[in-house]
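J.: Would you mind keeping the following structure in view while I ask a few things?
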Amino acid sequence: MKSYPANKIKNITFMGHGGSGKTTVIEAMLYSSGAIKRMGTVESGNTVSDFDAEEKRRGISTNTTYAACEWKDNKFNLIDTPGDFDFLGEQMLGMRVGDVVLLVAAAKDGVAVGTEKTIRLAAKNNKPLAIVINQVDEPNANYEKTLTALQEQYGNKVVPIVMPIMENGKMVGLVDVLAEQAYEFKDGKSTEIDIPADLEDKAAEYHEMLLEQIAESDDELMTKYFEGESFTVEEEQEGLRHAIQSQSIYPVLATSSADNKGVIFLMDMIANYFPSAAMQESIVATKPDGEEIELACDENGPLAAFIFKTVIDPFVGRISMYRVYSGKVKDGTPVYNYANDQEERVNGVYYLQGKKQISTNEVVAGDIGALTKLNASITNQTLTSKSNPVLVKPVNLPSPGLTLAVEAVVSGEEDKIMQGFNRMRDEDPTFELRNDPETKQMLISGMGEVQLDVLCQKLKANYATEARLIEAKVPYRETIRKMVEVQGRHKKQSGGSGQFGEVWIRFEPGTQDELEFDEEIFGGSVPKNYHPAVEKGLEEASKSGVLAGYPVVRLKATLYDGSIHPVDSNEMSFILAARLAYRNGMPKADPVLLEPIAKLKVTVPDDYLGDIMGDMSKRRGRILGMGADSNVGFQSVEAEAPMSELGKYATDLKSMTQGRGWFSMEFARYEEAPRDVADKVIEEANREEE
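316 is the number of the first residue of the sequence shown in the numbering used here; add one for each residue after it.
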């Protein structure tokens, strides 16, 4: 594959609802371009872009991948992203390196959730967008109905470029709305025909709609349009290019990708009208001194290559996919990771077609490539040069919304599980893993259950260890509600030197989470050199409450009296005496269980507001406020609820809103748990001790 300049490179990010056929459209494009000799299918698990074993097993994309191909003196980098909402991080990274978002929508789905999210994300990131209505000849498919639904929701920006010609539910040709020309598919070729009579009026209507939107994107064309003058063919074509680039138009095409129909027209559209890499907006980069600079797409500029995906191949090792925004990555020339202050060797520069590597000498600004065996560089980092380092702003990846505990199926393999997950963070930086010393559980946090289940399956396949996911334990706390004064007396005599320590301690509610220790000793009944031992004994004891064994907070302890033995008293004696005072006093001080409360911000479409508020009440939640969100048609609800009621809220919210809602959550404080909740927690803790 030859090297192409930036104005001949088209970086296309494929996005859309799961099952809309993104991977199949890419497969058909690769086949039509001659990059592959045979079209694979998702069902058979032999497509180019879904090469991971777990993707083949599930029949869905779970990773962002890319495949390069050539078409009519252009190079296409086709970036395939997952459709499931649990892989939002993959979608965001894939969108970052594309110049155009190609939304693939199934003709039978109307405006699916994935369609809404893609359009919203593209607008937020200022990305041009085009729409392919795919699977037009499947049962219950309706191109016109889907197009109308898109226009009703997103207005006149949604303009059809293509009308499928259907016979007996099958796509037999298409109408090019811009050129006002129809084509018939026959024997693998397309032949010019007259526009069918039943489509003439609609084609003329869409053509006029298209010209109007083109005119609105250019002042000169607008003047000409209102004066009733016709556009030249060149003006129409250049106007369409500008309208797509400026996001004035969301052009709509039609394909039946499984039968490779309409795909070549789509490829021609991309080659002729979609923005090239050379048309990208300047990227803002940061120099080591903090100065921000704009990087143009110039192969002679300072090197700035952004890693958007890392794959661990069992044979090749680590494969890092990157987009070059400035400069060039050359074989044999080291690259520098400013974030880690490490230079990386470059032994081989590649283009990719899925997992297939295509050797090249260099990857220039605007293009996408891959490097193997980088030791220090990971996803969301910048490769640059040591002599002139610049840093591309990383993608602000979404925060995990679901936390579950991980258990080893085979006892003793906990370390092996931890090592495997840590290696997988190179591939997926959107999940977090940690050991909770309090609950003694390994916790994994991610976007949803599908993502976490995929990670567990990969752990089993790639690292030969099996893990199961269970609900995480809630980190409760204990405290007291009244003051008590108690004695703690430790005495031990066993022949030689003995042990003796006596303390009188006042326990009362405190104001801080940490133990508040004070002393009111008069007359030296307990010498000062033993006070730290008393405090240490109380600190150790307060790690376990008397109700259910949870740490005690908001506790104040005052040492006000005691006694010593001139020979047998020592630090250990007073540590043990303090513990005895704690055990004697806490049950008498009206101990109560505290539960953690979380603060949430839940964003949902208007139609689901009532359901969300009702559900929050069932979770013992309190609504703090609500109002219109910055996303049109959405409401934001602020609430507080016990964390014990939110264990799988990410999954439940997805179900309640059909995937349209999202939320953020943070710890707020601890509150006294209701009696029935406390009794249940205490009973369970006692059962575990037995």
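C-beta atoms are modelled at their ideal positions from N, C-alpha and C, and glycine is treated no differently.
Pull up the distance between the alpha-carbon of residue 741 and that of residue 733, whole angstroms please.
T.: In the sequence shown, counting from the first residue as 1, residue 741 sits at position 426. In the sequence shown, counting from the first residue as 1, residue 733 sits at position 418. The alpha-carbon atoms of residue 741 and residue 733 are separated by roughly 14 Å.
J.: For residue 394 versus residue 374, is the C-beta spacing smaller than 7 Å?
T.: On the sequence shown, position 79 is the one that residue 394 refers to. On the sequence shown, position 59 is the one that residue 374 refers to. Cβ atoms of residue 394 and residue 374: not closer than 7 Å.
J.: Measure from the alpha carbon of residue 504 to the alpha carbon of each residue in 528, 576, 551, then state which is nearest.
T.: Working through the sequence shown from its first residue, we reach residue 504 at position 189. For residue 504, the nearest C-alpha among the options comes from 576.
J.: Of the residues 404, 438, 409, 456, which one's Cα is nearest the Cα of residue 560?
T.: Counting from one through the sequence shown, the residue named residue 560 turns up at place 245. That would be 438, whose Cα lies nearest to the Cα of residue 560.
J.: Taking residue 342 as the reference, which of 597, 383, 529 has the closest Cα?
T.: Position 27 of the sequence shown, counted from the first residue, corresponds to residue 342. Cα-wise, what sits closest to residue 342 is 383.
J.: Can you tell me which of 444, 815, 691, 788 puts its alpha carbon nearest to the alpha carbon of residue 999?
T.: Stepping through the sequence shown from its first residue, residue 999 is reached at position 684. For the residues 444, 815, 691, 788, the minimum Cα distance to residue 999 belongs to 788.
J.: Who are the Cβ neighbours of residue 618 in its own chain at under 6 Å, not counting the five residues just before and after it?
T.: Working through the sequence shown from its first residue, we reach residue 618 at position 303. The residues are 642, 699, 700.
J.: DSSP state of residue 853, grouped into three classes?
T.: Walking along the sequence shown from the start, residue 853 turns up at place 538. Helix, per DSSP.
J.: Alpha carbon to alpha carbon, how far is residue 521 from residue 460? Give it in angstroms, no decimals.
T.: Numbered from 1 along the sequence shown, position 145 holds the residue referred to as residue 460. Numbered from 1 along the sequence shown, position 206 holds the residue referred to as residue 521. About 15 Å.
J.: Runs of 3 residues minimum, wholly inside the stretch 733-816: which ones carry the beta strand (DSSP E) assignment?
T.: Whole beta strand (DSSP E) segments, 3+ residues: 747-751, 756-761, 782-786, 792-795, 799-807.
J.: Where does residue 863 land, buried or exposed, given buried means 16+ other C-beta within 10 angstroms?
T.: Taking the sequence shown and counting its residues from 1, the one referred to as residue 863 is at position 548. Buried, because 16 or more other Cβ atoms sit within 10 Å of the Cβ of residue 863.
J.: Three-state secondary structure (DSSP) at residue 428?
T.: In the sequence shown, the residue the question calls residue 428 occupies position 113. In this structure, residue 428 counts as helix in the three-state DSSP scheme.
J.: When burial is assigned at 16 or more other CB atoms within 10 Å of the CB, is residue 368 buried or exposed?
T.: Position 53 of the sequence shown, counted from the first residue, corresponds to residue 368. Result: exposed.
J.: Use the C-beta contact count for residue 755: other C-beta atoms within 10 angstroms, 16 or more gives buried, fewer gives exposed.
T.: Residue numbering aside, residue 755 sits at position 440 when the sequence shown is read from its first letter. Flag for residue 755 reads exposed.
J.: Which word fits residue 358, buried or exposed, when buried means at least 16 other C-beta atoms lie within 10 angstroms of its C-beta?
T.: Here the question's residue 358 lines up with position 43 in the sequence shown. By the neighbour-count rule (16 or more Cβ atoms within 10 Å), residue 358 is not buried but exposed.
J.: Is the Cβ-Cβ distance between residue 684 and residue 664 less than 7 Å?
T.: Taking the sequence shown and counting its residues from 1, one reaches residue 684 at position 369. Taking the sequence shown and counting its residues from 1, one reaches residue 664 at position 349. Contact: yes.
J.: What are the residues that DSSP puts in a beta bridge with residue 824?
T.: The sequence position of residue 824 within the sequence shown is 509, counting from 1. Bridge partners of residue 824: 870.
J.: I'd like to confirm something about residue 928: is its beta-carbon nearer than 6 Å to some heavy atom of the ligand ZN, or not?
T.: The ligand ZN is absent from the structure shown, which contains no ligand whatsoever.
J.: Based on Cα-Cα distance, which residue from 735, 996, 434, 541 lies nearest to residue 861?
T.: As a first step, residue 861 must be located in the sequence shown, where it is residue number 546. Checking every option, the nearest Cα to that of residue 861 belongs to 996.
J.: For the stretch 944-963 against the stretch 905-914, are there 3 or more C-beta pairs whose distance is under 8 Å?
T.: In short, these stretches touch, since the Cβ pair count reaches three.
J.: Taking only the alpha-carbon atoms, compute the straight-line gap between residue 678 and residue 586 and give it to the nearest angstrom.
T.: As a working note, residue 678 is residue 363 in the sequence shown. As a working note, residue 586 is residue 271 in the sequence shown. Distance between the alpha carbons of residue 678 and residue 586 is about 20 Å.
J.: Determine contact between the stretch 813-832 and the stretch 868-879, defined as no fewer than three beta-carbon pairs at a distance below 8 Å.
T.: As far as the Cβ criterion goes, the stretch 813-832 touches the stretch 868-879, which means the pair count is three or higher.
J.: DSSP on residue 847, reduced to helix/strand/coil?
T.: Within the sequence shown, residue 847 is the residue found at index 532, counting from 1. Here residue 847 sits in helix by DSSP.
J.: Going by DSSP, name the residue or residues bridged to residue 569.
T.: For the purposes of this step, residue 569 is identified with residue 254 of the sequence shown, where counting begins at 1. Per DSSP, 448.
J.: Pick out whichever of 670, 668, 647 has its Cα sitting closest to the Cα of residue 659.
T.: Here residue 659 refers to the residue found at position 344 of the sequence shown. When only C-alpha atoms are compared, the closest one is 647.
J.: Quick one: grab the DSSP three-state call for residue 316.
T.: Locating residue 316 in the sequence shown gives position 1, where the first residue counts as 1. Residue 316 falls in the coil class under three-state DSSP.
J.: Which first and last residues belong to the alpha helix (DSSP H) in which residue 556 is found?
T.: On the sequence shown, residue 556 is found 241 positions in, with the first residue counted as 1. From DSSP, the alpha helix (DSSP H) with residue 556 extends over 548-560.
J.: Mapping the DSSP letters down to three states, classify residue 423 as helix, strand or coil.
T.: Residue 423 sits at position 108 when you count from the first residue of the sequence shown. In this structure, residue 423 counts as coil in the three-state DSSP scheme.
J.: Are the CB atoms of residue 418 and residue 433 within a distance shorter than 7 Å?
T.: Within the sequence shown, residue 433 is the residue found at index 118, counting from 1. Within the sequence shown, residue 418 is the residue found at index 103, counting from 1. Cβ distance < 7 Å, so residue 433 and residue 418 count as in contact.
J.: Quick one: give me the first and last residue of the alpha helix (DSSP H) that residue 343 is part of.
T.: In the sequence shown, residue 343 corresponds to position 28, counting from 1. Looking at the DSSP string, the run of the alpha helix (DSSP H) that includes residue 343 is 337-348.
J.: Taking 6 Å as the limit between beta carbons, can you name the residues of its chain near residue 712, skipping five residues before and five after?
T.: Stepping through the sequence shown from its first residue, residue 712 is reached at position 397. Around residue 712: 404, 745.
J.: Is the Cβ-Cβ distance between residue 600 and residue 707 less than 7 Å?
T.: For the purposes of this step, residue 600 is taken as residue 285 along the sequence shown, with counting starting at 1. For the purposes of this step, residue 707 is taken as residue 392 along the sequence shown, with counting starting at 1. Closer than 7 Å, so yes.
J.: If we count the other Cβ atoms within 10 Å of its Cβ and call it buried at 16 or more, is residue 993 buried or exposed?
T.: By one-based count along the sequence shown, residue 993 stands at place 678. Looking at its Cβ environment, which holds 16 or more other Cβ atoms inside 10 Å, residue 993 is buried.
J.: Name the DSSP beta bridge partners of residue 598, please?
T.: Numbered from its first residue, the sequence shown carries residue 598 at position 283. Answer is 610, bridged to residue 598.
J.: What residues in its chain sit with their C-beta under 6 Å from that of residue 736, if we drop five residues either side in the sequence?
T.: Looking up residue 736 in the sequence shown gives position 421. Closer than 6 Å at the Cβ level, and outside the excluded window around residue 736, lie 748.
J.: Which runs of the alpha helix (DSSP H) at least 4 residues long sit entirely within the stretch 874-945? Give them in chain order.
T.: Within the stretch 874-945, the complete alpha helix (DSSP H) runs of at least 4 residues are 886-900, 924-933.
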